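>
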Amino acid sequence: MAKQNQKILVVDDEADILELLKYNLAKEGYDVKTALDGIKGVDTAKSFIPDLIILDIMMPKQDGVETCRQIREVPELANAFVIFLTARSEEYSEVAAFDMGADDYITKPIKPRALVSRINALFRRESKKKKESNKINVGDLVVDRTSYTVYVGDDKINLPKKEFELLYFLAQNPGKVFSRDELLQNIWGTDVYVLARTVDVHIRKVREKIGDGYISTVKGVGYKFDTN
Numbered sequence: 027m028a029k030q031n032q033k034i035l036v037v038d039d040e041a042d043i044l045e046l047l048k049y050n051l052a053k054e055g056y057d058v059k060t061a062l063d064g065i066k067g068v069d070t071a072k073s074f075i076p077d078l079i080i081l082d083i084m085m086p087k088q089d090g091v092e093t094c095r096q097i098r099e100v101p102e103l104a105n106a107f108v109i110f111l112t113a114r115s116e117e118y119s120e121v122a123a124f125d126m127g128a129d130d131y132i133t134k135p136i137k138p139r140a141l142v143s144r145i146n147a148l149f150r151r152e153s154k155k156k157k158e159s160n161k162i163n164v165g166d167l168v169v170d171r172t173s174y175t176v177y178v179g180d181d182k183i184n185l186p187k188k189e190f191e192l193l194y195f196l197a198q199n200p201g202k203v204f205s206r207d208e209l210l211q212n213i214w215g216t217d218v219y220v221l222a223r224t225v226d227v228h229i230r231k232v233r234e235k236i237g238d239g240y241i242s243t244v245k246g247v248g249y250k251f252d253t254n
């Protein structure tokens with residue numbers, strides 16, 4: 027499957043890792059650029075506009091979590107996938123990464139072919155979702171998966187990819203209560219380990235942006251989308 031139109035940025039302070047990943051990803055057909063620190067990573071991301079960004083956490087000048095935060099503030103990069111590839115295995119590092127909008131968190135070492143396989147699967151799922159795209163209208167809220175846009179009245183709301191997918195999934199199933207585990211499986215997938223509290227963080231962020239009237243908490247169970 028040709029991937030010439032899909033771009034990947036790899037940000038890591040180890041030159042040998044950059045070279046290895048660039049070689050394997052380019053061999054797979056991706057357009058790949060690299061950066062040796064977080065500041066250069068943000069600058070490269072702004073000009074390159076990648077579809078996916080692979081970030082290390084421990085880097086000079088600027089760590090990966092702060093780099094991810096800055097990337098997510100760029101409207102053109104709001105829908106880019108972000109994968110953390112790091113030697114940091116502590117829970118707080120993982121939580122911080124997902125709170126900043128990461129799509130996956132992988133601890134080193136990982137075989138390049140295994141990483142490429144996960145990236146291919148990520149893009150396949152995205153392609154399948156786009157084919158199923160449509161628009162949901164509830165009151166003043168419009169959720170359009172074709173263009174990944176959300177409007178509340180005349181105001182356009184910028185949601186990172188995972189926040190958008192969470193809102194869209196709940197809006198597709200109005201009135202149905204989903205547990206945190208069900209939301210994790212449907213939004214993040216079964217091959218990505220994500221802490222349950224990540225769902226709570228993303229729900230809170232969505233509510234802050236679209237208002238409290240659309241997503242309800244069902245105590246002890248999970249969340250549901252209201253149409254009233």
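Counting with the working numbering, you get residues 27 to 254 for the letters of the sequence shown. Glycine included, each C-beta is placed from N, C-alpha and C at the ideal position. None of the values given here were measured: they were computed from a predicted structure.
(1) Given this structure, state the Cα-to-Cα distance separating residue 196 from residue 168, to the nearest angstrom.
(2) Taking buried to mean at least 16 other C-beta atoms within 10 Å of its own C-beta, is residue 119 buried or exposed?
(3) Is the beta carbon of residue 79 closer than 8 Å to that of residue 35?
(4) I need the DSSP call for residue 241, collapsed to helix, strand or coil.
(5) Which residue marks the beginning of the beta strand (DSSP E) containing residue 132, and which one marks its end?
(6) Kindly indicate which three-state DSSP category residue 205 falls into: helix, strand or coil?
(7) Which of helix, strand or coil does DSSP assign to residue 61?
(8) For residue 163, which residues does DSSP report across the bridge?
(9) Could you name the residues that DSSP lists as bridge partners for residue 195?
(10) Quick check on DSSP: helix, strand or coil for residue 87?
(11) Go through its chain and collect everything with a Cβ distance to residue 105's Cβ below 8 Å, but skip five positions before and after it.
(12) Touching or not, the region 123-142 and the region 94-110, by the rule of three or more beta carbon pairs under 8 Å?
(13) In this structure, what does DSSP give as the bridge partners for residue 110?
(14) Thinking C-beta only, is residue 81 closer than 8 Å to residue 90?
(15) Beta-carbon within less than 7 Å of residue 166's beta-carbon, same chain only, minus the 5 sequence neighbours each way: which residues are those?
According to the structure shown:
(1) Counted from its first residue, the sequence shown places residue 196 at position 170. Counted from its first residue, the sequence shown places residue 168 at position 142. Rounded to the nearest angstrom, the gap between the Cα atoms of residue 196 and residue 168 is 13 Å.
(2) Numbered from 1 along the sequence shown, position 93 holds the residue referred to as residue 119. So residue 119 ends up on the buried side.
(3) To locate residue 35, count along the sequence shown from 1; it is residue 9. To locate residue 79, count along the sequence shown from 1; it is residue 53. Residue 35 places its beta carbon less than 8 Å from that of residue 79.
(4) Along the sequence shown, one-based indexing puts residue 241 at 215. Annotated three-state conformation of residue 241 is strand, per DSSP.
(5) Here the question's residue 132 lines up with position 106 in the sequence shown. Residue 132 -> beta strand (DSSP E) spans 130-133.
(6) As a working note, residue 205 is residue 179 in the sequence shown. In this structure, residue 205 counts as strand in the three-state DSSP scheme.
(7) Here residue 61 refers to the residue found at position 35 when the sequence shown is read from its first residue. Residue 61 carries a strand assignment under DSSP once its states are collapsed to helix, strand and coil.
(8) By one-based count along the sequence shown, residue 163 stands at place 137. The partner list for residue 163 (beta bridge, DSSP) reads 168.
(9) If you number the sequence shown from 1, residue 195 lands on position 169. Residue 195 pairs with nothing; no bridge assigned.
(10) If you number the sequence shown from 1, residue 87 lands on position 61. Under the three-state reduction of DSSP output, residue 87 falls in the coil class, being neither helix nor strand.
(11) Residue mapping note: residue 105 aligns to position 79 of the sequence shown, counting from 1. Listed in chain order, the non-local C-beta contacts of residue 105 below 8 Å within the same chain comprise 174, 186, 187 and 190, local neighbours out to five positions each way being set aside.
(12) Cβ pair count under 8 Å is three or more, so yes.
(13) Position 84 of the sequence shown, counted from the start, is the residue given in the question as residue 110. Per DSSP, the beta-bridge partners of residue 110 are 81 and 131.
(14) Residue numbering aside, residue 90 sits at position 64 when the sequence shown is read from its first letter. Residue numbering aside, residue 81 sits at position 55 when the sequence shown is read from its first letter. Between residue 90 and residue 81, the gap from beta carbon to beta carbon is short of 8 Å.
(15) Numbered from its first residue, the sequence shown carries residue 166 at position 140. Excluding positions up to five away in sequence, the list reads 178 and 179.
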